[in-house]
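So the sequence shown is numbered by my numbering: it starts at 4 and just counts up by one.
Beta carbons are placed, not taken as given, at the ideal position from N, Cα and C, and that holds for glycine.
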Amino acid sequence: MRTNPPAFDPVRRRLLGAGAAVLAAGLPLAVRAQPAKAAAAQPIGVIGSGRIGGTIGGLWVMAGHPVLFSSRHPEALKPLVDGLGPLARAGTVAEAIAFSDVLFLATPYGALPQLSRDHAEAWKGKIVLDATNAYDHRDGPIAAEAKRDGIGKTTARYLRGARVVRAFNFMGAGQFASEHHRQGGLVAVPIAGDDKAALDVAAQLVRDAGFDPVVVGPLASADRFAPGGPLFRQVGTAEEFRRKMGER
Ligand SMILES: NC(=O)c1ccc[n+]([C@@H]2O[C@H](COP(=O)([O-])OP(=O)(O)OC[C@H]3O[C@@H](n4cnc5c(N)ncnc54)[C@H](OP(=O)(O)O)[C@@H]3O)[C@@H](O)[C@H]2O)c1
């Protein structure tokens, strides 16, 4: 059982700052297309602001979106939000859910039962871009559920009423930090979902982060690009990714 760390644990602060740090360590802008400001600002609530939440949330801030990064210890997110500027703020998980109808889920998969219990009615109607992956060794019995029923369907069952789109889970946070807005061919990011309007929102946010969305199919198809699936970590352009989809 995990115990809560003290609020001022320096190791923890470094980890939580990793999202911003990983962005800073990315390729210089000269070798990538210039990040364009998004046509319309889309507020986004980030749930789980570690490596992947901090990195993708940071890319959305760079695109001009207001982002509320959340944690069970929001005070520990100060280095992250200070580094990202005025569009970034920190808050609790409840504040992130209330902040927007568009949420980004980036916690360990084992947090889902608690998120389901603690915010039972709050998920209804929310578009949730789900970047989580499930691992037996880390996440406990829910990982077996995800394997049995499909990871997208399992997320949707816990976040009752949410319009779940699987996105940003297929490669590592460091790769997202270094490959965004790649010149000579944007990197494809596979997405999957059952709700057409939610998929459209997710596709736009993939573009705003500096990638090229590829819809793999309905939520049930998300296992194809989850760990163990044939499309996991298949990094390439949309054309290359679609070719692999045809082969695998
Ligand atoms: N890192 C990657 O390269 C990568 C790539 C693709 C997908 N993923 C997936 O993305 C998810 C996050 O991975 P990560 O590497 O970013 O993890 P991480 O750096 O450890 O960050 C996870 C964050 O979730 C928060 N959290 C944990 N339990 C929570 C709970 N019960 N309620 C609310 N927030 C909770 C933690 O903050 P507090 O403890 O302060 O609340 C922490 O900052 C995982 O499912 C992972 O498999 C990761």
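For Gly231, the distance from the CB to the nearest heavy atom of ligand 1 is not below 7 Å. Its chain contains Glu148 and Ala149 as the residues whose beta carbon lies nearer than 6 Å to that of Thr157, once the 5 sequence neighbours on both sides are disregarded; these appear in chain order. Counting every other CB atom within 10 Å of its CB across the protein chains shown gives Glu124 a total below 16, marking it as exposed. Cβ contact annotation for Arg169 (same chain, cutoff 6 Å, sequence separation greater than five): Asp133, Gly155, Ala195 and Ala225, in chain order. Per DSSP, Leu208 is one residue of the alpha helix (DSSP H) stretching across Lys199 to Asp211.
For Leu132, the CB stays at least 7 Å from every heavy atom of ligand 1.
In the displayed model, Arg236 falls within coil according to three-state DSSP, outside both helix and strand. With three or more CB-CB distances shorter than 8 Å, the region 102-119 counts as touching the region 39-49. Each of Gly153, Arg251, Phe244 and Thr240 was checked against the Cα of Pro233, and the nearest Cα belongs to Arg251. Annotated as proximal: Thr95 and Pro77, with beta-carbon spacing under 8 Å. In this chain, the beta strand (DSSP E) harbouring Leu106 covers Val105 to Leu108. In the DSSP assignment, Leu71 is bridged to Gly48 and Arg92.
Nearest in C-alpha terms to Thr240, of all of Gln186, Asp203, Phe228 and Leu208, is Gln186.
Under the three-state reduction of DSSP output, Gly196 falls in the strand class. Checking the 7 Å criterion, the Cβ of Val219 is out of range of every heavy atom belonging to ligand 1. The way I'd put it, the region 241-249 does touch the region 204-218; three or more beta-carbon pairs between them come closer than 8 Å. Secondary structure note for Gly249: its alpha helix (DSSP H) is the uninterrupted segment Ala241 to Glu250.
The beta carbon of Tyr161 sits closer than 6 Å to the beta carbons of Leu115 and Ser119 from its chain, once the five residues preceding and following it are set aside; these are given in chain order.
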